[in-house]
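J.: Residue numbers (our numbering): 413 to 514.
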Amino acid sequence: FRSATTEAFLTWRGGFSGLVAGTHLKGAVDYRSVDFSRGPVLLMMGNEQQGLPESLAASCDRLLRIPQAGRADSLNLAVATGIMLFEIRRGALKLEPIPDQQ
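Listed below in structure tokens is the structure:
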């Protein structure tokens, strides 16, 4: 799978100094083990039928997996994206105390 859009992305990616992370069934890195706080992060998610195209997977600094229990090897794309985005932002999130309403 290659297109003008893929070519433009790969050209742009050459100048991107942040972490490019993609989710992939061949990913060897547990998404929870990555330090996402070191700078900009570009997250690539593949579609539900075919996943991340190999041409884009090859451009990633890290190929990540969300561990699964049982026989399932992947999650719905929206669910997986939500999990990944939460993990990327988790270190910056703080729960503010709720003021006493009395």
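Idealized CB from N, CA, C, for every residue including glycine.
Suppose only complete runs of 4+ residues qualify. What are the alpha helix (DSSP H) ranges in the region 413-463, listed by chain order?
T.: Taking only runs of at least 4 residues, the alpha helix (DSSP H) segments lying wholly in the region 413-463 are 416-425.
J.: In whole angstroms, what is the alpha-carbon distance linking L499 and K506?
T.: According to the sequence shown, residue 499 is Glu rather than Leu. Distance between the alpha carbons of E499 and K506 is about 13 Å.
J.: Distance check for D512 and G482, CA to CA, integer angstroms please.
T.: Answer to the nearest angstrom: the Cα atoms are 44 Å apart.
J.: Who are R474's beta bridge partners in DSSP?
T.: A433.
J.: Go to I500, then tell me how far its alpha helix (DSSP H) extends in each direction, as first and last residue.
T.: From DSSP, the alpha helix (DSSP H) with I500 extends over 489-501.
J.: Assuming L437 and S471 are in contact, meaning their beta carbons sit under 8 Å apart, how far apart are those beta carbons, in whole angstroms?
T.: The Cβ separation is near 17 Å, so there is no contact.
J.: Could you tell me whether the Cβ atoms of G434 and L475 are closer together than 8 Å?
T.: Yes, these two residues count as a Cβ contact at 8 Å.
J.: Could you say which of G427, Y443, R425, W424 lies nearest to G494 if we only look at CA atoms?
T.: Comparing Cα-Cα distances from G494 to each of G427, Y443, R425, W424, the minimum goes to Y443.
J.: I need the DSSP call for L507, collapsed to helix, strand or coil.
T.: The answer is coil: DSSP assigns L507 none of H, G, I, E or B.
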